[in-house]
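Notes follow once the structure below has been shown.
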Amino acid sequence: MDALNIAREYDKKQYIVIGIGDEQYGIDIAFVDNILRMQSITRVPDTQEYFKGVINLRGEVVPVMSIRIKMGLDDDVITNKSRIIIVKLENNAPIGIIVDEVKEVVTLDETKIDTVSNSGKKMDASFINGVGKVEDQLISLLELSTVINEKEMA
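Position in the sequence shown (from 1) plus 27 gives the number in the numbering used here.
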């Protein structure tokens, strides 16, 4: 493989494509620690509405949030496809995000990712850091550091 092809490989990132409502979102696979089937979530009193509680993951207490509520959408409807994605940002503790479904893993070249401006949707545009194009579908790429604002989770 020549230097140009090696450089092109570094320009690619893998994303887990998730479904939330009728939309598709991508989460950078580098931040994904685990994907779990839905399980019992222990409620914690006096927390934000989107904070659903905590789960026990191999002896570690992990907070779980509803990305739907955080985005201003309707509350979660748990189905057989619902999952908890455990993400870990830099040196922060892991956190679980409830999603409607996990669809696939895609690899996106930097040239297939467009930046976004405020699209006028109900959702806060700061949650999205780009839109990826895979074949005939568009995938909004989540800015996890904004979605998971650690100061709000305490």
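Every residue gets a Cβ at the ideal spot worked out from N, C-alpha and C, and that includes glycine.
The structure displayed is predicted, hence computed values, not measured ones.
Thinking C-alpha only, which one of the options is nearest residue i?
i, options, result
"valine 186", "Leu84, Val44, Ile94", "Only positions 28 to 181 of the chain appear in the structure, and residue 186 is not among them; the question remains open."
"valine 132", "Asn119, Tyr52, Ile47, Asp38", "Tyr52"
"glutamine 164", "Lys40, Lys39, Gly46", "Gly46"
"glutamate 162", "Leu169, Asp136, Glu128", "Asp136"
"glutamate 170", "Asp55, Asn107, Val89", "Asp55"
"proline 72", "Val81, Gln66, Asn119, Met65", "Val81"
"threonine 106", "Asp127, Glu117, Ile122, Gly123", "Asp127"
"isoleucine 124", "Gln66, Val143, Thr134", "Gln66"
"aspartate 49", "Asn156, Thr142, Val129", "Val129"
Could you check if residue i is buried or exposed, using at least 16 other CB atoms within 10 Å of its CB as the buried criterion?
i, result
"aspartate 102", "exposed"
"serine 146", "For serine 146, the predicted model reports a pLDDT of 49, less than 50, meaning its position is unreliable and no value from the coordinates is stated."
"aspartate 38", "exposed"
"lysine 97", "buried"
"glycine 86", "exposed"
"lysine 79", "buried"
"serine 153", "exposed"
"arginine 110", "buried"
"alanine 57", "exposed"
"glutamate 62", "Contrary to the premise, residue 62 reads as isoleucine rather than glutamate in this sequence. Flag for isoleucine 62 reads exposed."
With DSSP run on the structure shown, which of helix, strand or coil describes residue i?
i, result
"isoleucine 68", "coil"
"lysine 130", "strand"
"glutamate 137", "helix"
"isoleucine 175", "coil"
"isoleucine 45", "strand"
"serine 109", "coil"
For residue i, list the residues DSSP reports as bridge partners.
i, result
"glycine 99", "DSSP, once it has assigned bridges, lists no residue as partnering glycine 99."
"tyrosine 77", "Bridge partners of tyrosine 77: none, in fact."
"aspartate 121", "In the sequence as presented, aspartate is not what sits at residue 121; that position holds proline. DSSP, once it has assigned bridges, lists no residue as partnering proline 121."
"serine 93", "Ile125"
"lysine 40", "Leu135"
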